[in-house]
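Novice:
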Amino acid sequence: MNAFTRYMSTAAIGLALALPGAATYAKTPANMLVIAQRIDDMITLDPAESYELSSGDLTRNVYDKLVAFDPADLKAGYKPSLATKWDVSKDGKTITFTIRKDVKFHSGNAVTPEAVAWSLQRAVILNKTPSFILTQFGFTKDNVKDMIKVVGDDQVSITTDKQYATSFVLNCLTATVASIVDEKLLMSHDKDGDMGNAWLKTNDAGSGPYKLVTWKPNDSYVLQAADGYWGKAPAMKRVVVRHVQESSTQRLMLEKGDIDIARNLNPEDVAGIKDDKGLKVHTELKGTLMYLSFGQQNETLAKPGVTEALKYLVDYKGMVNSFLKGQWQIHQSFLPATFLGAIDDNPYHLDEAKAKKMLADAGVKDVTLHIGVRDQQDRLEIAQSLQNTFGKAGITVKLDVGTGKQVLTKYRARSLDMYLGTWGPDYPDPQTNAGTYAWNPTNTMEAKLTGSLAWRNSWDAGKFNKMVDEAVVEPDRAKRAKMYEDMQREWMKVAPFAILFQKIEQDGVAKDVQHFNVGGAITAASYYQVTK
Amino acid sequence: MTSVPDTKGPGRQTPALVAFLKKMAFSLGSILVTMLGLLFVTFVIGRVMPLDPVLAVIGEQASKATYDATYHAMGLDKPILVQFLYYLNDVIHGNFGVSTLTSHPVIDDIRRVFPATLELATLGTIIGIVVGVPLGVLAAVKRGSWIDQLARVVALVGYSMPIFWLGLVGLLVFYGILGWVGGPGRVSVFYDGMVPNVTGMILIDASLAGDWDVFWDAMSHIILPASILGYYSLAYISRMTRSFMLEQLSAEYITTARVKGMSERAVIWRHAFGNIGVQLITVIALSYANLLEGSVLTEIIFSWPGIGQYITNALLSADMNAVMGGTIVVGLVFVLLNVFSDLLYRFLDPRAS
Amino acid sequence: MSVTGETPQMSWRDWLLTDTPASRRHARAASFYKGWLRFRTNSLAMVGLGILVLLLLIAAFAPWLAPHDPIAQDLGKRLLPLGTPGHLLGTDSLGRDILSRLIFGARVTLYIVVLVALVAPIVGLLMGTIAGYAGGWTDTVLMRITDIFLAFPRLVLALAFVAALGAGIENAVLAISLTAWPPYARIARAETLTIRNSDYISAVRLQGARPMRIITRHIWPLCISSLIVRVTLDMAGIILAAAGLGFLGLGAQPPMPEWGAMISDGRRFILDHWWVATMPGLAIFVVSLGFNLLGDGLRDVLDPKAEK
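Protein chains in written order, with our numbering: chain C, 5 to 536; chain S, 8 to 360; chain X, -11 to 296.
Structure representation (structure tokens):
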């Protein structure tokens, strides 16, 4: 820290000499990573509660999990992290993890098997939004202390209610909600039995490569390399992520050398920096899907054949070749590319004549439908393009634009004809999307299965319910993949969803920054392997 | 004021004092009523908005059980008036609640975002005064001349320019192309947190710490947005100054002074200008109050973490604790500035008392 | 018409400039004409008037003036630069002709201006004159309400309102009106207070006129001129506020070619395709300037204080 401060002061003196005339700007320091990103979605840092994209980045760098992905080799899948190895019992229901020794939390407390078990129990007991990722294995507030427990000196065992594919369980343990937290520290901040939840919303109780220095909402967060991290010490001693709303502003800062990485550049700004010698474009396929859904409570949309006709009224190619260029690719099935069981069938394309005929056969003409869409530029443009192409087949589309929360409120109340939005996988296993797009066992208003997209669109998933339930317990990997492939091919034809695109993240990066990684389709960004 | 006749002894001052205290009590009462009304209206707006405050807490993919638990925990199942009274009770005890959007206590958030706005608005207003007042005086003195026309055009252009557009273009030219000023944000990233946070206003904190590097860096960041806000306030201030001055300059006492052979400079500055001071303060206070509301658009473009952005974000996500807290602060500032200029008016202007 | 026919020796001009008007209408016409003469000498104000007349004409003849359909998309021809044949001001992100959108946008702007100009001053006038005329408790209550709205952060109020009613141009207009009326109420009240006790109002009252009639027939006309000045000067602010709401995505909804929303669309390309945001920015600027110039000129004519 001292050397760091000294370095800063030297840099600062240079700066002061240059001012107050024209200001000159130094490059960012060699051991510091500066990122511009929209981080206004961050509302809590407690891993048991955090569910937003940008907080996922933060927690991935501050917390360790039992198993984790290696940013240098994401394809390899989960690898040992705080667990050095694990064994599966004969009945396939119990997994026993051996916990790494001599690891310390940022507070100095030791990472013990007790703390590990407590962390997972805590996520179940707190029962916050992402807790379903764990509770789907049959854990409840009452039984979790028996299902997840310390065994011997250095082991923790996890017992599920039935046999699941081991890969499914372990994939879920890579999610943010399964982060290992500092029991002693949190219990010292316990308030009314909240297990430190209120405190942890804005603080750090991790053992990961970085510790949190400050988080100023809608402004910035700062991470500092943790002393004595058990893994390789990060090259970047300090990471600053600053909230910058506008793409053009992020680009200006990048071009000026004020930041190293710009995470929210639009296609035009990406094109604009392509020729800049000091910069490069970092491209990664993410798991987020953009989809259009058709609420089955609407009589027109519920008529057989109508939703399939509408899938022929989307200008997929026109959009990915123009305003979405480079940042979304055509993808029409519900499992994102790179997931187990993903397929790359894209049978639908813009075909006005065919759509018109199908609509005429279904007896639909001159209807007006509303699309709920949030006020974000790329979505508004997609919506306007849909408005245009639907209009050519005699379907008048009105846009129902609002903030994310407004549109979502209506969507969850099943009051939208159509909804244009995105869905990101919660954990890197096919069940995450299958369980929401193709599963809705009780299609009544009272059931309020608001977590299921099928429910939100009043769609009784019928035979797909059974298919989903069967696929999730299939232990054989190849068989399981085949089940998802078949399921999707059938689903595409009948489901009231037009999956449109899969997200590609394009970041502007200073040329000297190496090994930056945003986690692909399966996890969040990591900073600890970055060098300059 | 200076030559109070001896006959007005202490005996006559007491009723004046009583009257003054009465007036003070009355203003205080009306402030309270206004603030209460303000709060209530905000509260009602927050509750009738077709936005689900629960979603702000639990996110999109939450289950029904989580939803119900949060709904109950937030007290949304009680009647609205009861909710308001609970809230009022908390506010009176200095508890503004916790923002659902930032997980921080609202009071902490405001302590963080308001100084940012205060700093920007103050500098903007200073620029507005320093340029606007002389421009207005000059325009009035040389009425009809090219200077007057120029001042008019400068001011009217200021009134007419969409601020977000001006901000974007300004950023592009002065930061992107010329590199004369610092980029978005309050300080360069590596100066962040270098000086101890005392007032929350970086320029002042840096001066207190004697850290001039940080000071100049912060200055290079604030100067562009402040100039843009300053332009708007100078447009208003210069137009009003001109019109006040014209009124004074056509008054008889000015003619008398001129006839007496007083220098033109003394006539303009000592007499005419001296007399518009009170009105001018009202105008400046109004313009200052407007900037203190937080200029959301400027704040967005310059990544300035001020109160305007804070309230807007909160509002759009149904984070009502934050909206109410922000509204109270902004409303209070507005009301206080009004009262302040009103008092000053009474104090300085003999006609008003 | 018949007047000039019967008295050919008296021109229109003489008739209008007479010091001895023959009827009430004649007197009004004469005073209006004199005002117009004074206004005409202010060249900047005339420029403002010219701009607004032009806006009116463009809005009226939009379908004939616009070279393209303002909402017709062509993804193959997006972000064309200025001066492209067929697209004089280029095209936007969805390949729509910017010039045509600007021309049709003039209608949207006029729509906003007219509606706000109708709603806000009338609400303000009503509140202000009633408070001023009635006095007492009515005055206190109404003015306290005015204060509350005045103390509200303006954008918050507008935003909250739009958020409550849903985004859209009508709601944006209502929201802006809601934030714009309190100053009018203040002005109207002040004017009413000075007029209330004048002899001629007392005379009317003695003739048995009811309060409502006094307010609408005798007080309102006297408040109008200062309100007109204020409204004209506020118009620019209103256009900018509407554009600001459009910029935040809460104003006019796509594909309506509202200028503020167009800037908002185009701001993403400001570095490489600057014209997409700049053209609507210029349009807003010119029209706001027009209102400001006109208002400034009108103040000179109508505001008795500035006359000296």
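Every residue, glycine too, gets a C-beta built ideally from N, C-alpha and C.
Every value quoted in this text rests on a predicted model; they were computed, and no experiment measured them.
Thinking C/I265 and C/D511 are a contact (beta carbons under 8 Å), I'd like their distance in whole angstroms, please.
Specialist: Mapped onto the first sequence, residue 265 of chain C falls at position 261. Mapped onto the first sequence, residue 511 of chain C falls at position 507. Indeed, because the Cβ distance is near 6 Å, the residues count as touching under 8 Å.
Novice: Which of the three DSSP states, helix, strand or coil, is assigned to C/T28?
Specialist: By one-based count along the first sequence, residue 28 of chain C stands at place 24. Any reading at C/T28 must be qualified, since the residue scores a pLDDT of 40, below 50, and its modelled position is unreliable; the value itself is stated next. Of the three classes helix, strand and coil, the one that applies to C/T28 here is coil, per DSSP.
Novice: Going straight from the alpha carbon of C/C176 to that of C/R126, what length do you get?
Specialist: Taking the first sequence and counting its residues from 1, the one referred to as residue 176 of chain C is at position 172. Taking the first sequence and counting its residues from 1, the one referred to as residue 126 of chain C is at position 122. Going by the C-alpha atoms only, they are around 16 Å apart.
Novice: Is it a yes or a no for the segment 246 to 260 of chain S touching the segment 135 to 152 of chain S, going by three-plus beta-carbon pairs under 8 Å?
Specialist: Flag = yes, the segment 246 to 260 of chain S and the segment 135 to 152 of chain S touch.
Novice: Quick check on C/Q391: buried or exposed, where buried means 16 or more other Cβ atoms within 10 Å of its Cβ?
Specialist: Numbered from its first residue, the first sequence carries residue 391 of chain C at position 387. C/Q391 comes out buried.
Novice: The segment 371 to 387 of chain C: which residues have C-beta closer than 8 Å to a C-beta of chain S, in chain order?
Specialist: Cβ contacts with chain S come from no residue of the segment 371 to 387 of chain C.
Novice: Indicate the three-state DSSP secondary structure (helix, strand or coil) for S/M208 in the structure shown.
Specialist: Residue 208 of chain S sits at position 201 when you count from the first residue of the second sequence. Correct three-state label for S/M208: coil.
Novice: If you check the beta carbons only, do S/Y78 and S/I170 fall under 8 Å apart?
Specialist: For this step, residue 78 of chain S is matched to residue 71 along the second sequence. For this step, residue 170 of chain S is matched to residue 163 along the second sequence. Contact flag unset, no.
Novice: Is the Cβ-Cβ distance between C/P271 and C/K329 less than 8 Å?
Specialist: Taking the first residue of the first sequence as 1, we reach residue 271 of chain C at position 267. Taking the first residue of the first sequence as 1, we reach residue 329 of chain C at position 325. In contact: C/P271 and C/K329 (Cβ atoms closer than 8 Å).
Novice: Under a Cβ-count criterion, where at least 16 other Cβ atoms within 10 Å of its own Cβ denotes burial, should S/H100 be classed as buried or exposed?
Specialist: Translated into the one-based positions of the second sequence, residue 100 of chain S becomes position 93. Per the 10 Å Cβ criterion, exposed.
Novice: Nearest to C/Q506 by alpha carbon, out of C/D194, C/Y320, C/G291, C/W203?
Specialist: The sequence position of residue 506 of chain C within the first sequence is 502, counting from 1. Cα-wise, what sits closest to C/Q506 is C/G291.
Novice: Measure the Cβ-Cβ separation of C/M487 and C/A475 and say whether it is below 8 Å.
Specialist: Along the first sequence, read from residue 1 onward, the residue named residue 487 of chain C stands at position 483. Along the first sequence, read from residue 1 onward, the residue named residue 475 of chain C stands at position 471. In this structure, C/A475 lies closer than 8 Å to C/M487 by Cβ.
Novice: State whether the segment 337 to 349 of chain C contacts the segment 385 to 402 of chain C, with contact taken as three or more CB pairs (one from each stretch) at a distance under 8 Å.
Specialist: Taking 8 Å as the limit for Cβ pairs, the verdict is that the segment 385 to 402 of chain C does not touch the segment 337 to 349 of chain C.
Novice: Counting only C-beta atoms, is C/E509 closer than 8 Å to chain X at any point?
Specialist: Indexing the first sequence from 1 puts residue 509 of chain C at position 505. Cβ-Cβ to chain X under 8 Å: no for C/E509.
Novice: Could you tell me the distance, in whole angstroms, from the CA atom of C/G210 to the CA atom of C/S123?
Specialist: In the first sequence, residue 210 of chain C corresponds to position 206, counting from 1. In the first sequence, residue 123 of chain C corresponds to position 119, counting from 1. About 11 Å.
Novice: Measuring only from the beta carbon, is X/P245 closer than 7 Å to any heavy atom that is part of the ligand FAD?
Specialist: Among the ligands in the structure shown, none appear at all, so the ligand FAD cannot be discussed.
Novice: Excluding the 5 residues preceding and the 5 following S/S106 in the sequence, name in chain order all residues of the same chain whose CB lies nearer than 6 Å to its CB.
Specialist: As a working note, residue 106 of chain S is residue 99 in the second sequence. Result list for S/S106: V113, D116, D326, N328, A329, in chain order.
Novice: According to DSSP, simplified to helix, strand and coil, what is C/E509?
Specialist: Reading the first sequence from its first residue, position 505 is the one you call residue 509 of chain C. Three-state result, C/E509: strand.
Novice: If you reduce the DSSP assignment to three classes, tell me which class C/Q533 lands in.
Specialist: For the purposes of this step, residue 533 of chain C is taken as the residue at position 529 of the first sequence. C/Q533 falls in the coil class under three-state DSSP.
Novice: Relative to the C-alpha of C/D319, which residue among C/M471, C/M240, C/W463, C/A359 is closest?
Specialist: Looking up residue 319 of chain C in the first sequence gives position 315. Per the Cα distances, C/A359.
Novice: Is the segment 35 to 42 of chain C close to the segment 153 to 170 of chain C, with three or more CB pairs under 8 Å?
Specialist: Verdict: no, contact absent.
Novice: In whole angstroms, give me the CA-to-CA distance for X/W3 and X/R28.
Specialist: Locating residue 3 of chain X in the third sequence gives position 15, where the first residue counts as 1. Locating residue 28 of chain X in the third sequence gives position 40, where the first residue counts as 1. The alpha-carbon atoms of X/W3 and X/R28 are separated by roughly 19 Å.
Novice: Would the beta-carbon of X/A148 fall within 8 Å of that of S/I52?
Specialist: Translated into the one-based positions of the third sequence, residue 148 of chain X becomes position 160. Translated into the one-based positions of the second sequence, residue 52 of chain S becomes position 45. Contact: yes.
Novice: Along the segment 35 to 52 of chain C, where does the CB come closer than 7 Å to a CB of chain S? Name the residues.
Specialist: Flagged, chain order: M36, V38, D44, I47, T48.
Novice: My output table needs one value for X/Q241: the three-state DSSP class, helix, strand or coil.
Specialist: One-based indexing of the third sequence puts residue 241 of chain X at position 253. X/Q241: coil per DSSP, three-state reduction.
Novice: Need the endpoints of the beta strand (DSSP E) that C/T292 sits in, please.
Specialist: Position 288 of the first sequence, counting from 1, holds the residue named residue 292 of chain C. Note, C/T292: beta strand (DSSP E), 283 to 298.
Novice: Our contact map puts X/H261 next to X/L106 with C-beta atoms below 8 Å; I'd like the distance itself, whole angstroms only.
Specialist: As a first step, residue 261 of chain X is located in the third sequence; it is residue number 273 there, counting from the start. As a first step, residue 106 of chain X is located in the third sequence; it is residue number 118 there, counting from the start. The pair is not a contact, with the Cβ atoms about 38 Å apart (cut-off 8 Å).
Novice: Inspect the CB distances between the segment 415 to 422 of chain C and the segment 293 to 307 of chain C and report whether three or more fall short of 8 Å.
Specialist: In short, these stretches touch, since the Cβ pair count reaches three.
Novice: Anyone know if the C-beta pair for S/L207 and S/P312 falls short of 8 Å?
Specialist: Within the second sequence, residue 207 of chain S is the residue found at index 200, counting from 1. Within the second sequence, residue 312 of chain S is the residue found at index 305, counting from 1. Leu is not the amino acid found at residue 207 of chain S; the sequence shown has Gly there. No. Outside cutoff.
Novice: Determine whether the Cβ of C/R416 lies closer than 8 Å to any Cβ atom of chain X.
Specialist: As a working note, residue 416 of chain C is residue 412 in the first sequence. No, C/R416 does not count as interfacial toward chain X.
Novice: For X/G154 and chain C, any beta-carbon pair shorter than 8 Å?
Specialist: Taking the first residue of the third sequence as position 1, residue 154 of chain X is located at position 166. For X/G154, the answer is yes, since a Cβ of chain C falls inside 8 Å of its Cβ.
Novice: Just reading off the beta strand (DSSP E) that X/L270 is part of, what are its end residues?
Specialist: Working through the third sequence from its first residue, we reach residue 270 of chain X at position 282. X/L270 -> not in any beta strand (DSSP E); alpha helix (DSSP H) instead, spanning 263 to 290.
Novice: Over what stretch of residues does the alpha helix (DSSP H) that includes C/A306 continue unbroken?
Specialist: Counting from 1 along the first sequence, the entry for residue 306 of chain C is found at position 302. Start and end: 303 to 306.
Novice: Assuming the contact rule is C-beta atoms closer than 8 Å, X/I207 and X/T126 should be a hit. Round their C-beta distance to whole Å, please.
Specialist: Taking the first residue of the third sequence as position 1, residue 207 of chain X is located at position 219. Taking the first residue of the third sequence as position 1, residue 126 of chain X is located at position 138. Wrong, their Cβ atoms sit about 15 Å apart, outside the cutoff.
Novice: Verify the CB distance criterion: does S/Q316 have a CB-CB separation below 8 Å to chain C?
Specialist: As a position in the second sequence, residue 316 of chain S is number 309, starting the count at 1. For S/Q316, the answer is yes, since a Cβ of chain C falls inside 8 Å of its Cβ.
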